[in-house]
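All you need for my numbering is the position in the sequence shown, starting with 1, plus 5.
Presented below is the structure to which this report refers.
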Amino acid sequence: MKRLTFFSRFLMPLLLVGVLAVLSTAIYMFSLNMQNIKNNAFNETNKIANLLEMAKSLVGEHVYSSMELLKHNSAIKGKPSINGTISLNNEIIPNLMLGNESQTKNEEIVDGVTSIGNGTATLFVKNNNEFIRIATNVRTKTNTRAIGTRLDPKGKAIKQLIMGKPFYGIVDILGDPYISGYEPILDQGGNVIGAWYVGYKVDVQAIDLAIKKWGYLKTGFVAITDYNHSIRFISEHFSNAKGAKILEYKPKDWIIANKIIPDWNFEVHIAYPAKEAYLISIGNLYPILLLGSLFGFALFIIAQHAIKRFVLAPLGGDPEYASALVSRIKQGDFSDDGVRAAPNTLIDNMLKMRKHLREMVTEIKNNADRLSVSSSVFQHAHDGIFITDSEAKIIEVNPAFTSITGYSREESISKTPETLGFAYQIDAFFSQFFESTDHQGEWRGEIWNLRKNGEVYTAWLDIFPVSDESGVFQHYVGVFSDITLAKEQQKSLEFLAYHDSLTHLPNRALFSNQLQKSLSSAKRNKEMIAICYLDLDNFKPINDEYGHEVGDQLLILLAERLSKNLRKNDTLARLGGDEFAILLNGQRGENEFSNTLDRILSSIETPFIISNQTMCVSASIGYTIYPIDDNPPDTLLRHADHAMYHAKTHGGKHYHLFDLELAKLFRNQLQIKDDIAEALASQQLRMYYQPQINIRTGEVIGMEALIRWQLPSRKLLLPSEFLPFIEHTQQIVTLSEWIIDTVLKQIALWQHEGLNFHVAINIAAQHLSDKRFVSSLERILNTYPEVSPDKLNFEITESAAIGDIKNVTRIINDCKKLGVTFAIDDFGAGYSSLTYLRRLPVDMIKIDRSFIHGMLNDADDLAVVSSIITLCREFNRGVIAEGIESIEQGTKLIDLGCDFAQGHGIAKPMPANKVAKWVQSNSPFRF
């Protein structure tokens, strides 16, 4: 009986595992053999496909060279065009011309190609969406030229030609495969008017012979079908009819491998009987089954011996008893049942272990009460611990308890936690808890406690019951910690996570959250909201002159002003730097939004007084209105940013409403920035020069340097067409430095040619205010020591000068120490007081062209010009008029006391290589 049990328990499963392993291996190898046969079939199809592709590639080079010859011969005739219509085979078609010669039935060009290349060539004319052969040496079955026949309308070539694209590949022409090339013929306007064709007929006899000798396994076959699924080629031992039937119906007892050859419109098939593949695969399994059986039998004998020697003998008894013994110990049953085992066996050692466990449990029971209390009190714990009896009176506390609460151990004993200030905000918390849980429940959570000195602190409390071994309640243990500081830190961190640390306004994260809520509310209540983006116009000079501490103080005061102009349900946030976001909620109309923004701009422009210093700033605001602009929150804020940028680039100090045209403009601006960077790198930028003369003597006194952008399309862009897009960016600094370097290099070349005059350069406000301007100018001047710095004159606009007059004055003085001179450009066109003429240390004033243009007919313009000339004389400043166009204007300026001028009436801006010739021809200059 025991032998049977042993066999059934150990050896029978092992034997089954062995049999399953052999069967699994056999099945796997059978599947692998079947797959290998199938893979080999696919590999054979790839070989055939590769042979056809090789044939195509060998002839393909002839197709390309013949096409080039055909196009070359056509080009000799002249440009292609359509000249009316012509009759061909009783059909009216377009008359395709090459130069002045009609190509209909003109075989000269196509025969010229085939006489050299030994192929076929055709000229097609496009008639609607058809391509008609008008000149060809492709022959029909009757050996006549295929004149008037049409290109296959369902073929691959015609689709490409209609789109104006070439096609190279295998094409059936009149029933025969050709390795062909088609390219569209385009007229002067780029329209498809016909097509060129060259091709070489495929040697189908060689393919047919190769496929006839090809087979697979003993009874399989190889076939090639065309795009109509007709068999073109098949193994010689198989009939076309039988092969076609198998390929069409795909019977289950046949396995077929396919390979499509797109360029040929062919498909290669290899078919073989499944039964033959099965027999081959099974035949390969006999060695494996034999070896597997022998190996399994040997393993069975070895396992039988090993189990007896290495399992049953060391165990020392029946394995079932060993299993039952382990189960009883696991369940906590350590009682002695009188069983014994052979010494030094596993069961014997388990019996000894059970005895030791039985003795340990007895000892633990004897000390249960003492261990229950002592294990709950941790004298060195950082958390406060108290133990109560069943009536909730404290019987023990630890030192941390007294440290946190302020009550000593003696004051705490026999008191309830409520008496010592626990959970003071909840009446009778502990009493209700003990009564409601019947000494069985646990509780944990946050409570507010009072210390002995009356101070409130926040605590995290865990309270749970302790029972004896029989489950009878003994004590409650409370563990708590003072989390007041942690709560304060958490509150501070939460505030900093959603607020700006300088102004205490909401930050971007909180603003985005509030924007999402406002959008939901506006959608629900059908209200309008405005999303605004605010940026200070001239904040950087304040930081540079007064320091960041003053700048920070200004931002704080600004935040207070902005808040005063908003409603309680509006949101103001600082996004970073001098950028703010405003959310205007409620049922405002578009006019009310505008009024609010007007108030905001007005409040910003009121001077700030910080540390006894008065400073002024302005702002640009962009905004968009929901639901007019119905987009996600991030997109709305980005639209407001785009509108702000538009406001800033158009002078600042105002607001602008986002619209779709603005979005398009912004994208164009970004593209133009990239294009300008590319233009600078690829030398597309050019410097032109306009002469400045003494109109009294005709002497050339200088040139004004003017930048132009020579596009690859040969179009020349003026500065007004691209500089406004970068004048408020760092890119203008890079461009200005390039201009200064280019002009100094040109002055050096002119000096070598004997030309000696100054050159004026327009300098952007963004570059002039750059803190590195003076050092950068000095570095460039040092690069050209042969050029005297006084040959360089910088022209600045009124708006650039008065935007930060104190800083601009300092920069001009530093630059004049290097030797350069300065002029105010377009004077009189701005809004500045003439008193700035006295304060700015410039050498020259340039009168705006608008006054010169109108002074002969407008008394006001004449008065302005006369006043500017008089003031310049009083303040010892030079004066030059720009925009002079006539001798009458020149004569009037001389009468008013202005001797210097420039304008199209003198000369238009010209490239540097034409300046010397112009000076030689106009010295002195005469109108």
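C-beta atoms are modelled at their ideal positions from N, C-alpha and C, and glycine is treated no differently.
For E281, the nearest candidate out of G248, F226, F238, R854 (CA to CA): Residue mapping note: residue 281 aligns to position 276 of the sequence shown, counting from 1. Taking the Cα of E281 as reference, the smallest distance to any Cα among G248, F226, F238, R854 is reached at F226.
Residues of its chain near A921, where Cβ-Cβ distance is below 8 Å and the 5 sequence neighbours each way are ignored: The residue given as residue 921 occupies position 916 in the sequence shown. The residues W755, E758, L760, in chain order, have a CB closer than 8 Å to that of A921 in the same chain once the five nearest residues on each side in sequence are set aside.
Contiguous beta strand (DSSP E) assignments of at least 3 residues, all confined to the stretch 80-104: 85-93, 96-103
Rounded Cβ spacing between G389 and F544 (contact assumed at less than 8 Å): In the sequence shown, counting from the first residue as 1, residue 389 sits at position 384. In the sequence shown, counting from the first residue as 1, residue 544 sits at position 539. In fact, because the Cβ distance is near 54 Å, the residues do not count as touching under 8 Å.
Inter-stretch contact (C-beta, 8 Å, three-pair minimum) for the stretch 699-718 and the stretch 770-786: Between the stretch 699-718 and the stretch 770-786 there are fewer than three C-beta pairs closer than 8 Å, too few to call the two in contact.
Nearest-angstrom beta carbon gap, F880 and V869 [assumed within contact, 8 Å]: Here residue 869 refers to the residue found at position 864 when the sequence shown is read from its first residue. Here residue 880 refers to the residue found at position 875 when the sequence shown is read from its first residue. Not really, about 16 Å apart at Cβ, beyond 8 Å.
Start and end residues, alpha helix (DSSP H) containing C877: Counting from one through the sequence shown, the residue named residue 877 turns up at place 872. Looking at the DSSP string, the run of the alpha helix (DSSP H) that includes C877 is 864-879.
Backbone CA spacing between H644 and A535 [nearest angstrom]: Your numbering for residue 644 matches position 639 in the sequence shown. Your numbering for residue 535 matches position 530 in the sequence shown. Approximately 11 Å between the Cα atoms of the pair.
Closest residue to R363 among Q384, H385, A386, I334 (Cα-Cα distance): As a first step, residue 363 must be located in the sequence shown, where it is residue number 358. Ranking the options by Cα distance to R363, first place goes to I334.
Range of the contiguous beta strand (DSSP E) that encloses C943: In the structure displayed, the chain extends from 6 to 932; residue 943 sits before or after that span and is not available.
Cβ neighbours of V622 in the same chain (closer than 8 Å, five flanking residues each side left out): Taking the first residue of the sequence shown as 1, we reach residue 622 at position 617. Result list for V622: L541, D542, N543, F544, I547, L559, L563, I609, E610, F613, in chain order.
N-terminal and C-terminal residue of the beta strand (DSSP E) that Y694 is part of: Locating residue 694 in the sequence shown gives position 689, where the first residue counts as 1. Element bounds for Y694: 690-699.
Per-residue burial, M102 [other beta carbons within 10 Å of its own, 16 or more giving buried]: On the sequence shown, position 97 is the one that residue 102 refers to. It counts as buried.
Chain-order list of residues whose beta-carbon lies under 8 Å from that of A279 (same chain, five-residue window excluded): Residue mapping note: residue 279 aligns to position 274 of the sequence shown, counting from 1. The residues are K257, D258, W259, I260.
Supposed contact pair N38 and I285 - C-beta distance, whole angstroms, cut 8 Å: For this step, residue 285 is matched to residue 280 along the sequence shown. For this step, residue 38 is matched to residue 33 along the sequence shown. About 7 Å; that satisfies the 8 Å criterion.
Check whether L662 and A586 have beta carbons under 9 Å apart: What you label residue 662 is simply residue 657 of the sequence shown in a count that begins at 1. What you label residue 586 is simply residue 581 of the sequence shown in a count that begins at 1. The Cβ atoms of L662 and A586 do not sit closer than 9 Å to each other.
Cβ contact (3+ pairs, closer than 8 Å) linking the stretch 51-59 and the stretch 67-84: The stretch 51-59, when compared against the stretch 67-84, does not touch it at the 8 Å Cβ threshold.
Assigned exposure category for V461 - 16 Cβ within 10 Å defines buried: Within the sequence shown, the letter at position 456 stands for residue 461. Counting Cβ neighbours within 10 Å, V461 comes out exposed, since fewer than 16 surround it.
Reduced DSSP secondary structure (H/G/I, E/B, other) of S837: Working through the sequence shown from its first residue, we reach residue 837 at position 832. Residue confidence for S837 is low, a pLDDT of 46 falling below 50, so the modelled location carries little weight and cannot support an answer.
Integer Cβ distance of I700 from I829, believed to fall under 8 Å: The residue you call residue 700 lines up with position 695 of the sequence shown. The residue you call residue 829 lines up with position 824 of the sequence shown. Actually they are not in contact, since the Cβ atoms of I700 and I829 sit about 20 Å apart, beyond 8 Å.
Residues that G248 bridges to, as DSSP identifies them: As a working mapping, residue 248 is identified with position 243 in the sequence shown. Partner(s): none; G248 has no beta bridge.
Bridge partner(s) assigned by DSSP for F799: Start at 1 with the first residue of the sequence shown, and residue 799 comes out as number 794. Per DSSP, I766, F827.
R456 versus G411: straight-line alpha-carbon distance, rounded: Position 451 of the sequence shown, counted from the first residue, corresponds to residue 456. Position 406 of the sequence shown, counted from the first residue, corresponds to residue 411. In a straight line, the C-alpha of R456 is about 6 Å away from that of G411.
Beta carbon of P511 nearer than 9 Å to that of R414: Here the question's residue 511 lines up with position 506 in the sequence shown. Here the question's residue 414 lines up with position 409 in the sequence shown. No, they are not a contact pair.
G450 versus K569: straight-line alpha-carbon distance, rounded: Taking the sequence shown and counting its residues from 1, the one referred to as residue 450 is at position 445. Taking the sequence shown and counting its residues from 1, the one referred to as residue 569 is at position 564. Going by the C-alpha atoms only, they are around 42 Å apart.
Q715: first and last residue of the uninterrupted alpha helix (DSSP H) it sits in: By 1-based counting over the sequence shown, the position of residue 715 is 710. Per DSSP, Q715 belongs to no alpha helix (DSSP H); it is in the beta strand (DSSP E), 705-715.
CB of V3 within 9 Å of CB of I198, strictly: Here the chain has residues from 6 to 932 only, and residue 3 is not among them.
Minimum C-alpha distance to H553 - residue among G582, C537, K531: Translated into the one-based positions of the sequence shown, residue 553 becomes position 548. Closest in C-alpha terms to H553, from the list G582, C537, K531, comes G582.
E396 (DSSP reduced to helix, strand or coil): The sequence position of residue 396 within the sequence shown is 391, counting from 1. Three-state result, E396: coil.
Same chain, Cβ closer than 8 Å to L507, five either side skipped, listed in chain order: To locate residue 507, count along the sequence shown from 1; it is residue 502. Contacts found: D557, L560, I561, R579.
Three-state secondary structure (DSSP) of W923: Translated into the one-based positions of the sequence shown, residue 923 becomes position 918. DSSP places W923 in helix when its eight states are reduced to three.
Buried or exposed by the 16-neighbour rule on C-beta atoms within 10 Å, applied to K218: What you label residue 218 is simply residue 213 of the sequence shown in a count that begins at 1. With fewer than 16 Cβ atoms within 10 Å of its Cβ, K218 is classed as exposed.
Where G199 sits in the DSSP three-state scheme: Taking the first residue of the sequence shown as 1, we reach residue 199 at position 194. Residue state, collapsed to three classes: strand.
Close Cβ partners of D394 (< 6 Å) along its chain, the five nearest in sequence each way excluded: Along the sequence shown, read from residue 1 onward, the residue named residue 394 stands at position 389. These residues qualify, in order along the chain: I400.
Where L501 falls, given that 16 or more other Cβ within 10 Å makes a residue buried: For the purposes of this step, residue 501 is identified with residue 496 of the sequence shown, where counting begins at 1. Exposed is the call here.
Straight-line Cα distance separating L716 from T145: As a first step, residue 145 must be located in the sequence shown, where it is residue number 140. As a first step, residue 716 must be located in the sequence shown, where it is residue number 711. Looking at the two C-alpha atoms, the distance is approximately 54 Å.
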